[in-house]
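What follows is a set of notes on a single structure, which appears directly below.
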Amino acid sequence: MPFAILAVRSALPLRRLALVLGALPLVVPSYVGALALLGALGPRGLLAQALEPLGVFRLPVVDGLLGSTIVLVLFTYPYVLLLTASALRRVDPTLERAARGMGRGPVDTFRRVTLPQIRSAVVAGALLAGLYAMSDFGVVSLMRCTTLTREAYLRYDSLYDPAGAAAVGLVLALLALLVVGAEQWSLRGDTGAARRRVRAGEDVAPLPLGRARIPAVAFVAVVVLLALVLPLAILGWWAVTLVADASLAEQLRDALPAALNAIGVSAAAAMVCVGLALPVAALVARVPGRLPRLVEGVSYVGYALPGIVVGLGLVFLAIRSAPFLYQTAAIIVIAYAVRMLPQAISGARSGWERVDPRFEQAARGMGRGPVDVLARVTLPLAAPGILTGAALVFLTAIKELPATLLLRPNGFETPATLIWQNTAVAQYASAAVPALLLIAVSALPVYALLVRPESRSRRALG
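If you read the sequence shown in this note's numbering, its first letter stands for residue 300, the second for the next number, and so on.
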């Protein structure tokens, strides 16, 4: 949240670039981040090798619960960053100016005026990050941290106990319901404040940082250094070793088709999720009562399930009831939609809540039908939030591993599966090429999402 505030509302130097760099860790697979951390700080990592001439032969091992927590925080905070940044752009600045004009300081103005308007987006981002951590498998496996997700995989893969794996998955689903219930409880009564809107074409003057300029820059720099620069540096170093071995071209021949496969299924999943999320978001934003919240809450359960549990369920379903889907790209898209629908719902809800009903009423008063109002007024105004949700789905799907491994057709590879195959046999340098390609493919949509939304919003309002 502080990163989003600095990058969207303050006079931070190069704040647009900072926002893009701050969101890019979302495209780095969390297990690649864990590999990078181990490669840099592990017992035989680059730092240990650099310190050996100085007589330092042993470093503290960063693994287990602490290491897993560090890695998951570094690679899930962009969920909060993206949704908060989108919400901040839709905050009505006149309320903040009125509060400042009444003698309120910047901190008090933020606490009393701004925070209530962005609270639903912040909580939604935190919920996505928490559920991702609950369902993560790669990080906890590499960091040797015992979790329910890892236990489910071990029961299926090592103990050949699908029923036991399903039982553990059920426990995860119940925990997800508790987390979602806590989120719904935290947002009780959060209605009026969230419906304040930015006026058409109105720009918000960035807040001066003053003496906080240097600490703010240092905070942003440290976050970007740990979450983006360090993994890229480790991956780049491993890729350089491939150049020295003259095997880079061979790795690219395998990685480029895999990247096209990942782009295709991820884009399809994003479109499916947006189509399913729009009616749910409209129901939650416009219809009071417990039923809309219950419908939204149920959709979050699939996100907390490990990919392997979702994959096993769909394999069973395809074999028994829909054999035409077995080992097709379509079943991969279905698996992505089951797991990542909450991301699209969170973004669509954030956008829908910030559509002023008066615009829709004015259009209806001018003789426009409901479909025309939806297409020409509601959806363009809600577009920033909807596109944010779609981007989150795409960026998460493109690095999905367990479900892809279980459901992919023969010969169907993605950068995530190539990374896992190489790391499984300790070929870390070979894993660097698909990892870097995955990051490069994802950088452009992140840039378009974060740098251009203001102009899109103004055109829609105009």
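Here a beta-carbon is modelled for each residue, glycine too, at the ideal position from N, C-alpha and C.
For residue i, which three-state DSSP category applies?
i, result
"Leu506", "strand"
"Ser434", "helix"
"Ser385", "helix"
"Ser309", "strand"
"Gly491", "Unreliable placement is indicated for Gly491, whose pLDDT of 44 sits below 50; no coordinate value is reported for it."
"Ala515", "helix"
"Met570", "helix"
"Asp407", "helix"
"Ser620", "coil"
"Val361", "coil"
"Ile697", "coil"
"Leu534", "helix"
"Phe615", "helix"
"Thr716", "helix"
"Thr722", "helix"
Roughly how far, in whole angstroms, is the beta-carbon of residue i from the beta-carbon of residue j, given that I think they are within contact range, below 8 Å?
i, j, result
"Thr317", "Leu323", "Note that residue 317 corresponds to Ala in the displayed sequence, not to Thr. Ala317 to Leu323, Cβ: 11 Å. No contact."
"Gly437", "Ser329", "6 Å"
"Trp651", "Ala584", "4 Å"
"Ala795", "Tyr599", "Lying before the first or after the last residue shown, residue 795 is absent from the chain, which here runs from 300 to 761."
"Val608", "Ala465", "7 Å"
"Leu694", "Leu325", "5 Å"
Evaluate residue i with the Cβ neighbour count: other Cβ atoms within 10 Å of its Cβ, from every protein chain shown; 16 or more gives buried, anything less gives exposed.
i, result
"Tyr452", "buried"
"Thr446", "buried"
"Phe615", "exposed"
"Asp262", "The structure shown does not extend to residue 262, since the chain is modelled only from 300 through 761, so no value can be given for it."
"Gln642", "buried"
"Gly400", "exposed"
How many Å lie between residue i and residue j at the Cα?
i, j, result
"Trp537", "Ala731", "6 Å"
"Thr703", "Thr627", "11 Å"
"Ala617", "Arg449", "25 Å"
"Gly606", "Leu524", "29 Å"
"Ala739", "Ala569", "19 Å"
"Phe409", "Ala386", "14 Å"
"Ala511", "Asn709", "55 Å"
"Ala425", "Pro352", "43 Å"
"Ser729", "Asn721", "6 Å"
"Asp655", "Leu473", "36 Å"
"Tyr459", "Gly610", "16 Å"
"Arg389", "Leu547", "45 Å"
"Gly321", "Tyr378", "11 Å"
"Ala580", "Tyr625", "31 Å"
Any beta carbon of chain B sitting closer than 8 Å to that of residue i?
i, result
"Gly429", "Protein chain content of the structure displayed is limited to a single chain, and chain B is not contained in it."
Between residue i and residue j, is the Cβ-Cβ spacing less than 8 Å?
i, j, result
"Val573", "Ala696", "no"
"Val519", "Ala567", "no"
"Gly684", "Arg653", "yes"
"Ile644", "Glu595", "yes"
"Ala432", "Thr375", "yes"
"Gly338", "Tyr602", "no"
"Val412", "Glu395", "yes"
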